[in-house]
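Student:
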Ligand SMILES: CC(C)(COP(=O)(O)OP(=O)(O)OC[C@H]1O[C@@H](n2cnc3c(N)ncnc32)[C@H](O)[C@@H]1OP(=O)(O)O)[C@@H](O)C(=O)NCCC(=O)NCCS
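Numbering (the working numbering), first residue to last: 704 to 893.
Quick look at the structure:
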């Protein structure tokens with residue numbers, strides 16, 4: 704049986720392993736990461752399990768007592784300085800007044816369980832979670848080549864708001880879902 708739950712510290716190793724897979728991303732070279740980079744990555748992922756502005760959900764297959772899907776998110780701010788930022792390019796009116804929004808960090812479903820609607824379920828779960836954090840916008844991006852991921856998002860109401868390189872030469876498509884009934888918010892049509 705498949706069951707969704709909030710991730711906890713027991714899931715740390717699973718989340719680290721999946722994030723390092725880079726499944727669904729163009730990886731420019733095969734350079735091994737150093738021990739120090741591995742440690743920093745592990746700490747970064749741990750914050751998704753400990754920090755109040757981050758979180759993750761897992762789907763377990765209870766028949767095998769194993770996690771088979773995950774999603775990770777953080778609450779970000781349009782005005783924060785990241786190593787990269789493209790949020791200032793988006794229409795300011797899309798954001799709530801304090802600039803906060805939810806950013807999806809990672810989404811993965813085990814190959815044996817794909818096309819069962821699990822990624823869709825995890826993304827819909829984040830809509831509930833964003834209410835808990837009092838944010839009304841969810842942001843995600845994916846590589847332009849991931850047509851199926853774009854379709855997955857569009858099927859549940861995400862709209863494309865930007866297309867172009869972000870931190871490297873890969874063209875990425877940025878999509879948002881605005882969780883509001885406010886008729887004055889006009890979603891962009893690209
Ligand atoms: C992308 C991924 C998360 C999709 O998970 P999933 O649980 O299979 O997705 P869903 O079953 O919710 O798919 C919903 C819809 O998205 C589209 N879709 C998803 N995967 C697709 C595929 N491989 N080919 C074509 N359409 C696809 C379909 O429209 C699908 O609806 P349908 O099955 O009724 O046709 C999964 O393939 C994965 O983990 N890939 C590797 C990691 C990755 O790419 N993550 C996203 C990085 S941005």
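All C-beta atoms, glycine included, are put in the ideal place defined by N, C-alpha and C.
All values reported here derive from a predicted model rather than from experimental measurement.
1. Where are the beta strand (DSSP E) runs, 3 residues long or more, that stay fully inside the segment 793 to 862, in chain order?
2. Does ligand 1 have even one heavy atom less than 6 Å from the beta-carbon of residue 726?
3. Rounded to whole angstroms, what's the CA-CA distance from residue 806 to residue 880? Just pull it up for me.
4. Between 757, 839, 747, 815, which has its C-alpha nearest residue 800's C-alpha?
5. Three or more beta-carbon pairs under 8 Å between the segment 811 to 822 and the segment 831 to 847, yes or no?
6. Which value, in whole angstroms, describes the spacing of the CA atoms of residue 735 and residue 796?
7. Please report the distance separating the alpha-carbon of residue 793 from that of residue 865.
8. Select from 740, 708, 857 the residue whose C-alpha is nearest the C-alpha of residue 775.
9. So if DSSP puts residue 876 in a beta bridge, which residue, or which two residues, is it bridged to?
10. Please identify the residue among 862, 723, 713 whose C-alpha is closest to the C-alpha of residue 811.
11. By a C-beta neighbour count over all protein chains shown, 10 Å radius and 16 as the cutoff for buried, is residue 730 buried or exposed?
Tutor: With the given structure in hand:
1. 803 to 812, 840 to 846
2. To locate residue 726, count along the chain shown from 1; it is residue 23. Yes, Cβ of residue 726 sits closer than 6 Å to a heavy atom of ligand 1.
3. The residue you call residue 806 lines up with position 103 of the chain shown. The residue you call residue 880 lines up with position 177 of the chain shown. Distance between the alpha carbons of residue 806 and residue 880: 11 Å.
4. Position 97 of the chain shown, counted from the first residue, corresponds to residue 800. Ranking the options by Cα distance to residue 800, first place goes to 839.
5. no
6. On the chain shown, position 32 is the one that residue 735 refers to. On the chain shown, position 93 is the one that residue 796 refers to. Looking at the two C-alpha atoms, the distance is approximately 42 Å.
7. Here residue 793 refers to the residue found at position 90 when the chain shown is read from its first residue. Here residue 865 refers to the residue found at position 162 when the chain shown is read from its first residue. Rounded to the nearest angstrom, the two C-alpha atoms are 8 Å apart.
8. Reading the chain shown from its first residue, position 72 is the one you call residue 775. With distances taken between Cα atoms, residue 775 lies closest to 708.
9. Your numbering for residue 876 matches position 173 in the chain shown. Bridge partners of residue 876: 845, 866.
10. The sequence position of residue 811 within the chain shown is 108, counting from 1. It is 723.
11. Locating residue 730 in the chain shown gives position 27, counting from the first residue. Exposed: under 16 other Cβ atoms inside 10 Å.
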